[in-house]
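Student:
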Amino acid sequence: MSVAPGIKKFFTTELLKWNIEENNRQLPWKNEKDPYKIWLSEIILQQTRAEQGRPYYEQFILHYPEVQHLANALEDEVFRLWQGLGYYNRCRNLIAAAKTITQQYNGVFPENYDEILALKGVGPYTAAAITSFAFNLPYAVLDGNVYRVLSRYFGIDIPIDSTEGKKYFQDMASELLDKKQPAAFNQAIMDFGASVCTPQLPDCEHCPLQSKCIAFRQNMISLLPVKTKKLIIKERNFDYLVLTTEHEVYIQQRSQKDIWQGLYEFYLIENEKNYQETSIWQQLKPYIQQNIDIEFENRQKLTHQLIRSKFHLILLKARPSFLTQGIWVEKDSLKNYPFPKTILSFLSRKKYF
DNA sequence: CATTCGTGGAG
DNA sequence: TCTCCAAGAAT
691 MSVAPGIKKF
701 FTTELLKWNI
711 EENNRQLPWK
721 NEKDPYKIWL
731 SEIILQQTRA
741 EQGRPYYEQF
751 ILHYPEVQHL
761 ANALEDEVFR
771 LWQGLGYYNR
781 CRNLIAAAKT
791 ITQQYNGVFP
801 ENYDEILALK
811 GVGPYTAAAI
821 TSFAFNLPYA
831 VLDGNVYRVL
841 SRYFGIDIPI
851 DSTEGKKYFQ
861 DMASELLDKK
871 QPAAFNQAIM
881 DFGASVCTPQ
891 LPDCEHCPLQ
901 SKCIAFRQNM
911 ISLLPVKTKK
921 LIIKERNFDY
931 LVLTTEHEVY
941 IQQRSQKDIW
951 QGLYEFYLIE
961 NEKNYQETSI
971 WQQLKPYIQQ
981 NIDIEFENRQ
991 KLTHQLIRSK
1001 FHLILLKARP
1011 SFLTQGIWVE
1021 KDSLKNYPFP
1031 KTILSFLSRK
1041 KYF
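Using the numbering used here, read the first sequence as starting at 691 and increasing by one per residue.
1. So, residue 898 versus residue 704, is the Cβ gap smaller than 8 Å?
2. Just mark residue 838 as buried or exposed, buried being the case when its beta carbon has 16 or more other beta carbons within 10 Å.
3. Taking 6 Å as the limit between beta carbons, can you name the residues of its chain near residue 823, skipping five residues before and five after?
4. Quick one, are the C-beta atoms of residue 792 and residue 806 less than 8 Å apart?
5. Going residue by residue through the stretch 976 to 1025, where are the continuous beta strand (DSSP E) segments of at least 3 residues, counting only ones entirely within it?
6. With H, G and I counted as helix, E and B as strand and the rest as coil, what does DSSP make of residue 932?
7. Should the stretch 797 to 813 be regarded as contacting the stretch 862 to 869, the criterion being three or more beta carbon pairs within less than 8 Å?
8. Apart from the five residues on each side of it in sequence, which residues of its chain come closer than 6 Å, Cβ to Cβ, to residue 841?
9. Bridge partners for residue 927 per DSSP, in chain order?
10. Where does residue 939 fall in DSSP's three states?
11. Quick one: what's got a C-beta closer than 6 Å to residue 982's C-beta in the same chain, skipping five residues either side?
12. Sorted by chain position, which residues of the same chain lie with C-beta nearer than 7 Å to residue 701's C-beta, five sequence neighbours on each side aside?
13. Does residue 949 come out as helix, strand or coil in the three-state DSSP assignment?
14. Just to confirm the assignment, what range does the alpha helix (DSSP H) spanning residue 974 have?
15. For residue 731 and residue 744, what's the separation of their Cα atoms in angstroms?
16. Measure the alpha-carbon distance for residue 890 versus residue 833 and round it to whole angstroms.
17. Does residue 764 come out as helix, strand or coil in the three-state DSSP assignment?
18. Just to confirm, are residue 726 and residue 757 a CB contact at a threshold of 8 Å?
19. Touch check for the stretch 957 to 973 and the stretch 923 to 931: three-plus C-beta pairs under 8 Å?
20. With a threshold of 8 Å on Cβ separation, who are the neighbours of residue 852 within its own chain once the five nearest residues in sequence on each side are excluded?
21. Using 8 Å as the threshold, is the C-beta distance between residue 997 and residue 926 below it?
22. Run through the stretch 818 to 876 for me and flag every whole alpha helix (DSSP H) of 4 or more residues, listed as ranges in chain order.
23. Indicate whether residue 836 and residue 859 have their beta-carbon atoms separated by less than 8 Å.
24. Output yes or no for whether 8 Å exceeds the beta carbon distance between residue 708 and residue 882.
25. Might you give, ordered along the chain, the residues of its own chain that have their beta carbon closer than 8 Å to the beta carbon of residue 771, omitting 5 neighbours on each side?
26. Sorted by chain position, which residues of the same chain lie with C-beta nearer than 7 Å to residue 815's C-beta, five sequence neighbours on each side aside?
27. Under three-state DSSP, which class holds residue 754?
28. So, is residue 888 buried or exposed, given that buried needs 16 or more other C-beta atoms within 10 angstroms?
29. Between the beta-carbon of residue 788 and the beta-carbon of residue 764, is there less than 8 Å?
30. Does residue 777 come out as helix, strand or coil in the three-state DSSP assignment?
31. Terminal residues of the continuous alpha helix (DSSP H) containing residue 960?
32. Going by beta-carbon coordinates alone, are residue 941 and residue 1016 separated by less than 8 Å?
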């Protein structure tokens, strides 16, 4: 890192000063020292805005005040609490890690970096956050905020989504880290990125780092950080057969390896121009009492996908014998199962359920 | 190493 | 309506 020492010193000093003066953001996990609660908040906050994650964090703490409560909970119940947060693999890993801590570590949260990193769902960022916040160990966090702040202040145009960029910025963050107060430094740089050095329209006017910020001086703020990869949006068409009998509905749990893993849904036919030409429809035909075609349709824009879902409400005379992968549940008990937003928006109309 | 995983806020 | 992207990790 060929930067004048004075520039680095200025960065750390001003950042910590800013943190003391402007640290008035009231978030429940702020200044928390319990590693369990820090871990929980960090998993919830991965790729998630603080205000979106906050109510989930509060519910989890309420239901599972200690790690063994989480480890012993029913999986569907935990997924119900996670419902709506997205990235459901985090939830599965959360449960797995809770079991590891409870069983392998006898309920005591491990205190060193490598053991914490080995927990399911914990990567370099989360391990650094937990060790620094809970135990004040000198590990520098590297998240979206840190990439942005460092790339702008030091004027680095190495793509942050490249292998080279990851190593470069991690080394830089580690070097800048105030080893005497890693918790405060990590907290400061992330808060600063979230509230001053924001992705769009950063508040350069009131920025304490402005005078030495390369991006500001060279009018490069909007160009940094650099990313190379472009998002490719995949389009998918879902036809949901909402199979019902008089009192029951057929639902099935989504398998791994795809979106919404672990959540439930109705019988799904994907990417067929006409669902009534499928073999499953031919099998269903003799059971059908009433078919309300395309009762409800919606589009869900995901980060990497555009999903168009059509819901076909179908009343059957009886349970077909060939549907074995899912379960039949009382219409009233649907609220006990976790569903993706697309399904919930259908259910929320409460016209039939 | 490139791809994939949700949802919602903001401009 | 469209785009970006958020306290990243697993595969």
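Cβ coordinates follow ideal geometry from the N, Cα and C atoms, glycine included.
Tutor: Let me spell this out:
1. Cβ distance < 8 Å, so residue 898 and residue 704 count as in contact.
2. Residue 838 should be labelled buried.
3. Counting only residues of its own chain and dropping the five nearest sequence neighbours on each side, residue 823 has a CB closer than 6 Å to the CB of 728, 873.
4. In this structure, residue 792 keeps its C-beta atom at 8 Å or more from the C-beta atom of residue 806.
5. Note on the stretch 976 to 1025: whole beta strand (DSSP E) runs with a minimum of 3 residues are 978 to 991, 995 to 1006, 1017 to 1020, in chain order.
6. The three-state secondary structure of residue 932, taken from DSSP, is strand.
7. In short, these stretches do not touch, since the Cβ pair count stays below three.
8. Annotation for residue 841: 914, 915 place their beta carbon closer than 6 Å to its own, counting only its chain and skipping 5 residues before and after.
9. Per DSSP, 998.
10. Of the three classes helix, strand and coil, the one that applies to residue 939 here is strand, per DSSP.
11. Apart from the 5 residues on each side of it in sequence, residue 982 sits with its Cβ closer than 6 Å to the Cβ of 1003 in its chain, given in chain order.
12. The answer, listed in chain order, is 843, 866, 899.
13. Here residue 949 sits in coil by DSSP.
14. Taken as a continuous stretch (DSSP letters only), the alpha helix (DSSP H) holding residue 974 covers 969 to 974.
15. Each residue's alpha carbon lies about 8 Å from the other.
16. Straight-line Cα distance between these residues: approximately 17 Å.
17. Three-state result, residue 764: coil.
18. Cβ distance < 8 Å, so residue 726 and residue 757 count as in contact.
19. In short, these stretches touch, since the Cβ pair count reaches three.
20. Cβ neighbours of residue 852 beyond the five flanking positions: 918.
21. Contact flag set, yes.
22. Counting only runs that start and end inside the stretch 818 to 876, the alpha helix (DSSP H) elements of at least 4 residues fall at 834 to 843, 853 to 866.
23. The answer is yes: Cβ separation under 8 Å.
24. Result yes, Cβ atoms of residue 708 and residue 882 sit closer than 8 Å.
25. For residue 771, where only same-chain residues beyond five positions count, the Cβ hits under 8 Å are 746, 749, 750, 753.
26. 831, 832, 833, listed in sequence order.
27. In the structure shown, residue 754 sits in coil (DSSP, three-state: anything other than H, G, I, E or B).
28. When all chains shown are included, residue 888 counts as exposed.
29. Result no, Cβ atoms of residue 788 and residue 764 do not sit closer than 8 Å.
30. Residue 777: coil per DSSP, three-state reduction.
31. Run containing residue 960: none in the alpha helix (DSSP H); it sits in the beta strand (DSSP E), 957 to 960.
32. It is a contact, given that the beta carbons lie within the stated cut-off.
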